[in-house]
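Residues in the sequence shown are numbered consecutively from 4, following my numbering. Worksheet for the structure shown next.
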Amino acid sequence: MKTIKLFVTMMLLGITLGASAQMTASELNIKASKTAKKQAKVYKKQGWEVAPGAIPMEKQLDRSYVMEFDTDLDMQCKYAFGEAISTGQFYDAAKLQASELAKSDLVGKISSEITRLVETQVKTKQIQDQEAQSVAAATEKSKSLVIQKLGAIAPVLELHRKLKNGNVEVMVRYAYNRERAVNAAMKEIDEGLKAQGINVDFVQ
Numbered sequence: 004m005k006t007i008k009l010f011v012t013m014m015l016l017g018i019t020l021g022a023s024a025q026m027t028a029s030e031l032n033i034k035a036s037k038t039a040k041k042q043a044k045v046y047k048k049q050g051w052e053v054a055p056g057a058i059p060m061e062k063q064l065d066r067s068y069v070m071e072f073d074t075d076l077d078m079q080c081k082y083a084f085g086e087a088i089s090t091g092q093f094y095d096a097a098k099l100q101a102s103e104l105a106k107s108d109l110v111g112k113i114s115s116e117i118t119r120l121v122e123t124q125v126k127t128k129q130i131q132d133q134e135a136q137s138v139a140a141a142t143e144k145s146k147s148l149v150i151q152k153l154g155a156i157a158p159v160l161e162l163h164r165k166l167k168n169g170n171v172e173v174m175v176r177y178a179y180n181r182e183r184a185v186n187a188a189m190k191e192i193d194e195g196l197k198a199q200g201i202n203v204d205f206v207q
């Protein structure tokens with residue numbers, strides 16, 4: 004079962020889960036909520052700001068809040084988040100580290116749910132240990148593809164501030180769609196197994 008968990012975690016890294024960083028003109032023209040404005044004031048007092056030309060802080064926070072409270076028919080949150088704060092001597096270095104940590108946080112939050120679903124199907128379909136070993140082999144081959152796909156995840160919130168010691172601190176928040184994550188993960192698992200000659204059909 005550990006090999007199944009390893010495969011699922013690696014596949015999750017390869018899924019494009021981020022919400023688009025772009026906003027339509029109509030969305031930008033809508034006034035930010037009081038909650039977003041209040042939180043933006045707190046952040047700004049703490050020295051946080053957005054990059055030049057970026058979406059205003061209030062709008063980024065508004066979008067994040069809307070996604071946070073958006074639920075499906077089962078009252079499950081449609082989105083989950085991965086976030087991190089990192090400090091560096093230079094902005095680019097701090098942003099890169101914060102992005103990687105936030106992506107890892109995002110993957111960690113969804114891996115348990117996907118693993119549970121996979122384990123249930125593994126028991127139902129009675130997958131043998133030999134087939135599980137093939138899953139581990141497929142995982143190794145997918146690492147290069149995983150790294151490429153990570154770059155497609157866009158942040159829903161990105162702030163930075165200058166510290167008194169001259170360093171830069173960057174805050175990044177990513178979002179993913181839970182249903183899309185589950186469906187994409189199952190498809191990736193099926194394709195990985197079929198490449199090894201194993202037809203399981205996790206996709207419902």
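We put the CB at the ideal spot given by N, CA and C, even for glycine. As the structure is a prediction and not an experimental result, all values here were calculated from the model.
Taking a C-beta distance under 8 angstroms as the contact criterion, residue 50 and residue 176 do not qualify as a contact pair. Closest by C-alpha distance to residue 85, out of 91, 109, 75 and 76, is 109.
In the structure shown, residue 113 falls within a helical segment according to DSSP collapsed to helix, strand and coil.
Residue environment analysis places residue 158 among the buried positions, since at least 16 neighbouring C-beta atoms fall within 10 angstroms of its C-beta.
Every beta strand (DSSP E) of 3 residues or more that sits fully in the segment 159-198 is shown, in chain order, as 171-180.
Take the alpha-carbon of residue 76 and the one of residue 201: they are about 34 angstroms apart.
Rounded to the nearest whole angstrom, the CA to CA distance from residue 181 to residue 193 is 18 angstroms. Between residue 90 and residue 103, the alpha-carbon positions lie close to 13 angstroms from each other.
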